Structures are given as C-alpha cells and as structure tokens.
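Student:
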Amino acid sequence: MTTIELRHVSFIYANTSKKVLNNVSLTFKSGQNIAIIGQNGAGKTTLVKQLNGLLIPTSGEVVIDGVSVCTRPTFEWAKQIGYVFQNPNDQLFLDSVRKEFMFGIKYLKLNNIEVEKRLANIANLTGLTDYLSEHPLDLTAVQKKFCTIGSVLMMDPNTIILDEPTGGQDFPGIQRLSKLLVQLQQQNKICLAVSHDMKFVSRNFERVIVMKQGEVLLDGSPADVFSNSEKLAEAAIVPPPIVNLSQRLGWQSKLLYPNDFIEEFKRHL
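According to the UniProt record's numbering, the sequence shown holds residues 1 to 269 in order.
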C-alpha cells in the first residue's frame, strides 16, 4: 500500500517571485486513477514533478510512505515513481525498443527468466511485440509514446505519472491507453495523468483534480467535477461534450456516457 502526501506544498521557480504552486495539500493512495486538469500554467506538471524529486518544494513537503522525498535522490525515487514525459523524444535515447525497455531494469538485479517474462508482458501491453528490434525514432508518434510508457512499466513502479498521455494518439492508441489504465488499477498502482482531454478524463479516471493558478479548485469524482459549471468556467475548462450538451439542454443529471445520455433523452420525450 503506497500513500503519497503533498503537505502545504508551494513552489517558486528560480529568478521569479510568482508561486506556481500555492499551499497545495493532496493525498494519493494505491489503486487510484487520478487526472489533473487545468489550463496551461495552472501548475499541473509542476505538481507531479514534486512527487519524485524532479522539483523540490520551496515550502511544504512531499511524503511517500512516511519518507520525505527531499531526503533521497531522484534516481532512487524513479524505482517507485515512474514518469512518462509529454514528448517521447525527450525520453528515448537508445537504438532499439528492446534496449529502451531493458535500460532501467538491469539495475533491479532480476534473473533472466523474470526479465524476459516481464519484457514479453510489457511488449504485449504496449502493442510493441513485433517492434522490439526497431529504432524508436523510426516508430510512429503513437508507438513512441507507448515505447516510453513501456520503459517505465518495466521498472514495475508503485506510481505511474502520465503527462498528456493522449497527445498524438489515434483512436486505437486511446483504446489501448484505457485498457492499460484498468490493468494498472487492478495491480493496485497509483496512476496520475496530466491531461487536456476532457472526454478521455471523464471516461477513464475515478478522481479529477482541477487546478487554477497553482491552487486546487476542485477535487472529486468526474460526475461531480464536470457538473460544477461555475468552477469549471472559473478554471476556463470546457466539460466533455455530453456534459456540455446536457447542461445546455437544462438537464440536471450528472451524465458522462452516451448510454446515460440516451436514457435521459428518452425520459424527456
């Protein structure tokens, strides 16, 4: 059971005076799928980079299972907190998918049988079984994203952070991402995603955090968050299409899925 706590975290970048994070307190626990949404500059990526020591709070602290993040180097937290960058090209540096997958795991001192078993499983999850010998830069944008996801999953971290996971994805890629999120939750992982894709967020996450100017504006279920039109407008966030249409029709129900919309429509006939 992993517990991550942000305790009154504030952050100011060097040579500036503006707080990018302002007194943020949040708790994440094993088995949770959490999306963090907000406009550019809201502090979303800055927040998740606090979790593995990529950034250290100006004030407050991040505590993982009772240990303050600032007491250990980032490379140690990388074994527990996997981070998938928004741009795959920032993360790919070897000459084959296999090498990308195998780079970090060699430090875990696993036997060859376990390593090959894990490799086969992750390659299957990411759809890259037939591409292990390919150069990552020869992959499609969708495949590059899954290559970086796979390299993180090979380490079997307790927490996975996905920065804009649907960026550059096609429909099959988004379906694969959705399936992957379900499997990670079944494995009792913490999965955190920074996203601007409200449709994807509403359908794949049980908890949604809305940020504005470095502060948490909303924190709740997708139904509760996306039905709060006043707060969403304050954060300049447009809700998913079904929610938006329901609100424009004057319906009070918290609708997220097409089938629910159809049933509500029938009731209004």
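Where is the CB? At the ideal position from N, CA and C, for every residue including glycine.
Model, not experiment: these values are computed from the prediction.
Which of the three DSSP states, helix, strand or coil, is assigned to Lys212?
Tutor: Strand at Lys212.
Student: How many Å lie between Phe200 and Leu162 at the Cα?
Tutor: Those two C-alpha atoms are separated by around 13 Å.
Student: Under 6 Å from any heavy atom of the ligand SAH, does the C-beta of Thr27 make it?
Tutor: As far as ligands go, the structure on display features none, and thus does not contain the ligand SAH.
Student: Tell me whether the segment 25 to 36 and the segment 201 to 213 touch, counting them as touching only if at least three CB pairs, one residue from each stretch, are closer than 8 Å.
Tutor: Taking 8 Å as the limit for Cβ pairs, the verdict is that the segment 201 to 213 does touch the segment 25 to 36.
Student: Apply the 10 Å Cβ neighbour rule to Tyr131 and answer buried if 16 or more other Cβ atoms are within range, or exposed otherwise.
Tutor: Answer is buried; the Cβ neighbour count reaches 16.
Student: Whole angstroms is fine: what's the gap from Leu137's alpha carbon to Phe146's?
Tutor: Going from the Cα of Leu137 to the Cα of Phe146 covers about 13 Å.
Student: Under 7 Å between the Cβ atoms of Gln247 and Ser221?
Tutor: Going by C-beta atoms, Gln247 is not nearer than 7 Å to Ser221.
Student: Arg7 bridges to which residues according to DSSP?
Tutor: Glu61, per the DSSP bridge assignment.
Student: Suppose the cutoff is 6 Å on Cβ atoms and the five residues either side in sequence are ignored; what does the same chain contact list for Glu215 look like?
Tutor: Here the set comprises Asn22.
Student: Kindly identify the DSSP beta-bridge partner or partners of Lys29.
Tutor: Note: Lys29 sits in a beta bridge opposite Thr3.
Student: Give me, in chain order, the residues of the same chain whose beta-carbon lies closer than 8 Å to that of Glu234; leave out the 5 immediate sequence neighbours on both sides.
Tutor: These residues qualify, in order along the chain: Lys212 and Leu217.
Student: With distances taken between CB atoms, is the gap from residue 322 to Trp77 smaller than 7 Å?
Tutor: It is not possible to answer for residue 322, since the shown part of the chain is limited to 1 through 269.
Student: With a threshold of 8 Å, are at least 3 pairs of Cβ atoms found where one atom belongs to the segment 8 to 15 and the other to the segment 83 to 91?
Tutor: As far as the Cβ criterion goes, the segment 8 to 15 does not touch the segment 83 to 91, which means the pair count is below three.
Student: Can you tell me where the alpha helix (DSSP H) with Ile174 in it begins and where it stops?
Tutor: Taken as a continuous stretch (DSSP letters only), the alpha helix (DSSP H) holding Ile174 covers Phe171 to Gln186.
Student: What does the alpha-carbon distance come out to for the pair Lys106 and Val115?
Tutor: Roughly 9 Å between the two C-alpha positions.
Student: What is the rounded straight-line gap between the Cα of Gly250 and the Cα of Leu232?
Tutor: Going by the C-alpha atoms only, they are around 17 Å apart.
Student: Name the one or two DSSP bridge partners that Leu218 has.
Tutor: Its beta-bridge partners are Val210.
Student: Please return the same chain residues whose Cβ sits closer than 6 Å to the Cβ of Ile64, not counting the five positions on each side in sequence.
Tutor: Closer than 6 Å at Cβ, skipping near neighbours: Ile4.
Student: Taking all protein chains shown into account, do 16 or more other C-beta atoms lie within 10 angstroms of the C-beta of Ala141, making it buried, or fewer, making it exposed?
Tutor: Burial call: exposed.
Student: Kindly give me the distance between the Cβ atoms of Ile190 and Phe28, rounded to whole angstroms, as I take these residues to be in contact under 8 Å.
Tutor: Sure, about 5 Å apart at Cβ, within 8 Å.
Student: Quick one, which of Met154, Pro157, Thr148 and Lys79 has its alpha-carbon nearest Pro165's?
Tutor: The candidate whose alpha carbon is nearest that of Pro165 is Thr148.
Student: Rounded to whole angstroms, how far is the Cβ of residue 273 from the Cβ of Gly150, which I believe are closer than 8 Å?
Tutor: No answer is possible for residue 273: the residues shown for the chain start at 1 and end at 269.
Student: Between Ser133 and the rest of its own chain, which residues show a CB-CB distance below 8 Å, the 5 nearest in sequence each way excluded?
Tutor: If we look at Ser133 and ignore the five residues flanking it on each side, its Cβ neighbours are Ser96, Val97 and Arg98.
Student: Between which residues of its own chain and Ala193 is the CB-CB distance below 6 Å, once the five residues before and five after are set aside?
Tutor: The residues are Ala35, Leu162 and Pro165.
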